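Notes follow once the structure below has been shown.
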Amino acid sequence: MSVADTINAIKPLHGQIVPIRTVQETRPPEDYGNAYVAEVNVKASSKVIKALDAKLPRDPSLPLNHLRRFAKRENLPASLRETLEAKGSLRTGTPTIFVLIAPPLPDVEELLDLLAPYAPDTYGATSSEEDKPVSKITLVTTTIPLQPPFNAQQATKWSETMWPVLFNPAAPRLTVAPPAQILNRAQQSIQPRAGHYLALARKVAAEAKASGRGRGVGAVVVDPEIEADIEAEAAKQGTSNLDSWMDAVLCVGGDVRFARSEAGKPSQTDLHPGISPNPACSTFDADLEGGPDLHALMRAVELVARCRREDSEHQAEMAAKPSPLSVVYADPQLSSKLSPLESYFLHQAGFPETSASNATEPITLSPKKRKHEEPNPESTAIPLDSISTDLSTQPQNETETPLPAPPPSTLATNTDPSIPVPEIEPASTSEGTTSRIRTRSQGGYLCTDLDIYISHEPCLCCSMGILLSRFRAVIFPRSGRMKSGGLASEPVIAPTPVLDDEGQEQEQEQEKGDDERLYYGLHWRKELNWRALGFEFVEEGHEDVEDEDGVVFNA
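So for the sequence shown, the working numbering puts the first residue at 423; every next one is plus one.
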């Protein structure tokens with residue numbers, strides 16, 4: 423079966439994508455402070471504000487626009503009303519209102535003198551009333567939230583327990599969560615084809631596991647700009663935009679953590695040729711797991727980044743080489759041979775068609791890539807077709823620096839004889855055809871504005887790699903959550919947050935029962951200088967977390 427037929431046979435997953443809440447939302451900082459509440463004549467409210475702003479300027483580093491400056495007696499929390507009445511709050515016929523004096527707090531005596539002219543029974547007094555006793559300002563201390571509420575429910579709770587609070591959904595805090603309009607727009611664009619891309623990621627994961635070179639983890643990189651073009655063209659032609667979902671795929675990457683030799687020793691793939699899955703999959707041994715650069719996500723990132731970095735001159739130089747993917751094979755990190763699916767999508771991305779079997783000479787990098795000219799001997803791959811006869815990778819001249827392994831035929835990647843090996847059918851390309859992966863000279867930079875779909879929740883290192891690569895969004899299935907993952911911010915407990923006391927107790931109990939993992943929510947942390955949108959795909963009938971083989975590993 424050809425790779426194209428294999429991909430066409432993929433059935434999309436059915437379900438919905440839901441945003442991953444940020445740690446600022448799931449564990450909001452309880453930042454409270456003290457404030458004064460004073461009762462003044464309602465007719466003097468505007469003058470009270472002018473007097474306070476003139477004598478007691480606000481702290482610009484502490485915006486408190488979510489707090490009401492004034493509140494009527496009936497709008498005060500019950501506990502605050504009781505405190506005011508105990509302090510002797512007036513209940514005369516004079517209409518009064520309560521003003522909030524927020525931090526930084528002034529001296530009490532200074533504040534009382536400032537507000538004395540606006541006391542309920544003295545403001546507006548005539549000359550005939552000069553002999554009337556001066557009423558004192560009723561002043562009490564209360565607790566206020568220093569940060570704005572995350573939602574209307576929290577605003578209501580604070581208004582009923584502390585001080586009337588405003589919730590403005592149109593002005594979210596960027597450091598707390600993505601703006602609603604950006605999040606909704608991305609969710610609408612991702613939802614229609616998310617099931618297709620995640621199904622492809624699982625197919626790549628199955629291929630990686632069947633090859634014996636890695637665990638069952640796969641990643642797919644998609645360009646949303648190409649998706650938008652596909653939708654526009656489909657709307658013009660009156661066809662379904664799902665028919666061309668593969669056209670937006672830039673590359674795919676499978677896990678190969680067992681394929682690299684360490685310290686001159688044979689890799690796990692070399693030690694167990696033809697065995698699928700690799701015996702190392704049944705347990706976790708950090709010494710056998712390779713590095714994060716061999717994880718599916720990082721391999722996909724490296725494929726895109728390597729192609730992005732090449733300018734037109736270097737692209738032309740590499741195109742003249744015997745290999746269709748010379749720029750990839752010349753990189754020590756990617757010198758391990760590509761799988762059929764990986765090669766297929768790189769060909770589809772616009773690389774010139776050349777027989778991979780002819781690419782047997784080591785690739786010489788241009789002077790601009792001199793730092794990669796001497797590969798790491800530990801990253802040198804061993805062709806699978808040579809495993810049965812010779813495991814040695816030492817050059818004939820031991821004093822000579824070993825060269826990168828030549829790119830072997832991708833048809834030999836699958837080591838399981840029971841699984842038919844797909845035949846690669848490279849996309850036909852002509853001169854002048856541009857690659858889907860734009861180079862730097864074409865405006866491409868790292869993985870900026872791209873989306874990545876991965877079969878499992880990525881580990882901490884790969885999660886940071888998402889941010890450093892400047893992805894727009896990351897999507898993984900909820901059933902693929904990992905205890906070692908870096909994106910989830912809370913246990914799977916409910917679709918919406920519960921803010922009442924009873925609900926909070928239930929949430930705390932759920933968290934106590936799930937203490938085996940930590941929740942980092944690295945996709946959107948206020949401490950980091952780049953943030954990505956995070957989504958979980960909730961598959962119909964598979965809403966629970968399913969650890970692969972019960973083994974905890976880093977995806």
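All C-beta atoms, glycine included, are put in the ideal place defined by N, C-alpha and C. Here the structure is a predicted model, which is why all the values come from computation and not from measurement.
query                                                                                                                                             : result
Applying the 10 Å Cβ sphere with the 16-neighbour rule, what's the burial state of L940?                                                          : exposed
Report yes if the C-beta distance between L955 and L672 is below 9 Å; otherwise report no.                                                        : no
From which residue to which residue does the beta strand (DSSP E) around D651 run?                                                                : Note, D651: premise wrong, no beta strand (DSSP E); alpha helix (DSSP H) at 646 to 659.
To the nearest angstrom, how far is the alpha carbon of Y751 from that of E724?                                                                   : Bear in mind that the predicted position of Y751 carries a pLDDT of just 49, short of 50, making it unreliable; the figure below should be weighed with that in mind. Roughly 12 Å between the two C-alpha positions.
I need the boundaries of the alpha helix (DSSP H) containing A460, first residue and last residue.                                                : Premise fails: A460 lies in the beta strand (DSSP E), 454 to 463, not in any alpha helix (DSSP H).
Ordered along the chain, which non-local residues of its own chain (more than five positions away) have a Cβ less than 6 Å from that of I697?     : G634
Which residue marks the beginning of the beta strand (DSSP E) containing Q864, and which one marks its end?                                       : Run containing Q864: none; DSSP gives neither H nor E here.
Locate the alpha helix (DSSP H) running through Q690, then write down its first and last residues.                                                : 690 to 693
Cβ atoms of F520 and A473: under 9 Å apart, would you say?                                                                                        : no
Taking R979 as the reference, give the member of M668, P701, W580 with the closest Cα.                                                            : The structure shown does not extend to residue 979, since the chain is modelled only from 423 through 977, so no value can be given for it.
Could you give the distance in angstroms between the alpha-carbon of Q603 and the alpha-carbon of N573?                                           : 15 Å
Is it buried or exposed, L484, if we count other Cβ atoms within 10 angstroms and call 16 or more buried?                                         : exposed
Where does S704 sit, in a helix, a strand or coil, going by DSSP?                                                                                 : helix
Is V960 near V470, with beta carbons less than 9 Å apart?                                                                                         : no
Would you grab the beta carbon distance between D689 and V973 for me? Rounded to a whole angstrom, and I think it's under 8 Å.                    : Sequence check: residue 689 is Ser here, not Asp. Wrong, their Cβ atoms sit about 19 Å apart, outside the cutoff.
Quick check on DSSP: helix, strand or coil for G569?                                                                                              : The residue asked about is misnamed: residue 569 is Gln in this sequence, not Gly. Reduced to three states, the DSSP call for Q569 is coil.
Given 8 Å as the limit, is there contact between the segment 941 to 955 and the segment 902 to 913, that is, 3 or more CB pairs closer than that? : yes
Which of the three DSSP states, helix, strand or coil, is assigned to F959?                                                                       : strand
Can the beta-carbon of W580 be found less than 9 Å from the beta-carbon of L522?                                                                  : no
Output the boundary residues of the alpha helix (DSSP H) element that contains I471.                                                              : 467 to 477
Who are the Cβ neighbours of E879 in its own chain at under 7 Å, not counting the five residues just before and after it?                         : F898, G902, R903, M904, G907, L909, A910, A977
Output yes or no for whether 9 Å exceeds the beta carbon distance between E649 and R615.                                                          : yes
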